[in-house]
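Here the structure comes first, spelled out in structure tokens, and everything after it is commentary.
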Amino acid sequence: MAVAAALVVASGCSSQDDEATPSHSASSSSSSASSDGAREAVEAYVDALNSRSATDLIAIGGVKDEKWSRQEAAQILADRGGRGWKLKDVQIEHDMGPDTGSARLVAEDRAGKPMRDTFTVMRQKGTWHLVVFTHQPTEPGKETASTDKPGS
Numbered sequence: 011m012a013v014a015a016a017l018v019v020a021s022g023c024s025s026q027d028d029e030a031t032p033s034h035s036a037s038s039s040s041s042s043a044s045s046d047g048a049r050e051a052v053e054a055y056v057d058a059l060n061s062r063s064a065t066d067l068i069a070i071g072g073v074k075d076e077k078w079s080r081q082e083a084a085q086i087l088a089d090r091g092g093r094g095w096k097l098k099d100v101q102i103e104h105d106m107g108p109d110t111g112s113a114r115l116v117a118e119d120r121a122g123k124p125m126r127d128t129f130t131v132m133r134q135k136g137t138w139h140l141v142v143f144t145h146q147p148t149e150p151g152k153e154t155a156s157t158d159k160p161g162s
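Heads up: the sequence shown runs through residues 11 to 162, numbered per our numbering.
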């Protein structure tokens, strides 16, 4: 899980309100079986947003169903849930290895408002997950990385 915390890409940080350039059908940059699983995770994320399902978001995120994850899922759903998102484009790139990569999505809600987002995708024990949870607590006994300059 430490790797997941290090690769976190905030769900809401990369959204843009500028007009998306939708393609005529959702596509993927790779047709390999490993990309298909990552693409399915992106599709499941959009379905979880539309159905406002915290349980599904937690499963897609590959995190434990705990108080912190329920709170973060509720915030994601408050920001984006229930809008009738339709995928316009999905691109999966395995730019960090066969089990880790990037997923870029373009979607549009019922009102025509676009959503663009980029996520880290990770395969853990054969299942693809999106790194959408950014407030995962550190395990007891582990310290978070510091950005402070070392003392002299």
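Beta carbons are placed, not taken as given, at the ideal position from N, Cα and C, and that holds for glycine. Being a predicted model, the structure only gives us computed values, none of them experimental.
Query, Result
"Nearest-angstrom Cα distance between D75 and K135?", "18 Å"
"State the DSSP-derived secondary structure class of G111, mapped to helix, strand or coil.", "strand"
"Are the CB atoms of I68 and S61 within a distance shorter than 8 Å?", "no"
"Quick one: grab the DSSP three-state call for R62.", "coil"
"Count the other CB atoms within 10 Å of the CB of G92; is the residue buried (16 or more) or exposed (fewer)?", "exposed"
"What is the DSSP secondary structure of D27, reduced to helix, strand or coil?", "Unreliable positioning characterises D27 in this predicted model, as indicated by a pLDDT of 36, which lies under 50. A coordinate reading is not provided."
"CA-CA distance, R49 and Q85?", "23 Å"
"Among the residues of its own chain, which have a CB less than 8 Å from the CB of W95, if the five just before and after it don't count?", "V56, L59, N60, A117, E118, D119, M125"
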